[in-house]
Amino acid sequence: MEFRNVSFRYPGTETWALKHISLTFRAGERLAVVGQNGSGKTTFIKLLCRLYEPDEGSILLNGTDIREYDIEEYRKIFSVVFQDYQLFSFSLAQNVAAGMEPDGNRVTGCLQRAGFGERLSGMPLGTDTCLYKDFEENGVEISGGEAQKIALARALYKDAPIVVLDEPTAALDPAAEYEIYSRFNDIVGNKAAIYISHRLSSCRFCDDIAVFNKGELVQRGSHEELVCREEGKYFELWNAQAQHYAE
């Protein structure tokens with residue numbers, strides 16, 4: 527996939543959310559996109575998934591402008607967990623499968639891969655347990671961190687070739703967050719993965735990191751390469767965050 531000189535601004539504003547973005551990534555690669563809030567990370571993903579169209583430039587899949595593909599067929603290649611994902615007052619299995627006839631074994635496997643296995647073992651009806659109490663008095667309330675794991679399992683269940691995770695561990699405690707990072711390659715397998723975060727420590731497992739700032743792509747490289755460039759934005763962000771953990 528290639529972004530070729532892509533710029534975009536939201537309707538009703540003169541401010542560019544993205545400006546002249548050019549980058550390429552390929553099947554099987556792990557790309558982390560980092561930057562401060564408002565730097566354009568989520569806008570980048572929304573354009574990639576064709577939720578918006580570029581105002582300038584083009585996005586290519588295998589050399590073809592993505593606007594030439596059938597939009598529903600194109601979107602099938604992505605499994606996405608956005609920051610504003612939703613769970614519903616249906617069974618756990620239906621939430622994971624995003625449908626009314628889930629494959630029970632597949633649902634269980636995806637939940638275990640997403641780190642929800644221990645919580646699942648305590649569910650009174652297993653994957654048939656209803657979430658929340660809107661329709662079922664015996665529905666189960668879940669925490670924000672548990673909800674994020676279910677959303678991750680939903681992305682795995684879709685089994686699309688490109689996995690996109692937008693701040694997927696924001697509600698997890700440090701131990702649960704580390705569990706996801708340490709097993710990330712096992713979770714994603716041989717799929718291409720794009721990982722969005724403003725917390726740089728969570729992106730070190732990605733060999734390729736794209737640094738966004740004020741809508742522009744300002745740096746790209748591995749953590750080891752970027753952290754050595756003292757004049758760069760990545761070095762600035764890394765040290766600003768690291769000081770909170772230093773003794």
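Each residue of the sequence shown is one higher than the one before, counting from 527 in the numbering used here.
Even for Gly, the Cβ is constructed at its ideal location relative to N, Cα and C.
As the structure is a computational prediction, the values presented were derived from the model and not from experiment.
{"Check": "Spatial distance of Tyr721 from Val559 (CA atoms)", "Outcome": "6 Å"}
{"Check": "Distance between Glu751 and Gly758 (C-alpha atoms, nearest Å)", "Outcome": "11 Å"}
{"Check": "Sequence-distant residues of the same chain with beta carbon closer than 7 Å to Asn764, five excluded per side", "Outcome": "Position check: residue 764 holds Trp in this sequence, whereas Asn was assumed. Closer than 7 Å at the Cβ level, and outside the excluded window around Trp764, lie Leu726, Val753."}
{"Check": "Straight-line gap, Ile597 to Thr568 (C-alpha atoms, nearest Å)", "Outcome": "20 Å"}
{"Check": "Contact between the segment 639 to 653 and the segment 592 to 610 (3+ Cβ pairs under 8 Å)", "Outcome": "no"}
{"Check": "Where Ser615 falls: helix, strand or coil (DSSP)", "Outcome": "coil"}
{"Check": "Contact under 9 Å by Cβ, Glu582 with His546", "Outcome": "yes"}
{"Check": "From Thr539, Asn563, Ser548, residue whose alpha carbon lies closest to that of Lys740", "Outcome": "Asn563"}
{"Check": "As assigned by DSSP and simplified to three states, the class of Ile720", "Outcome": "strand"}
{"Check": "C-beta atoms of Gly665 and Ser615 nearer than 9 Å", "Outcome": "yes"}
{"Check": "Where Glu742 falls: helix, strand or coil (DSSP)", "Outcome": "strand"}
{"Check": "Tyr536 burial status per 10 Å Cβ neighbour count (16 or more: buried)", "Outcome": "exposed"}
{"Check": "As assigned by DSSP and simplified to three states, the class of Glu672", "Outcome": "helix"}
{"Check": "Coarse secondary structure for Gly652, derived from DSSP in three states", "Outcome": "helix"}
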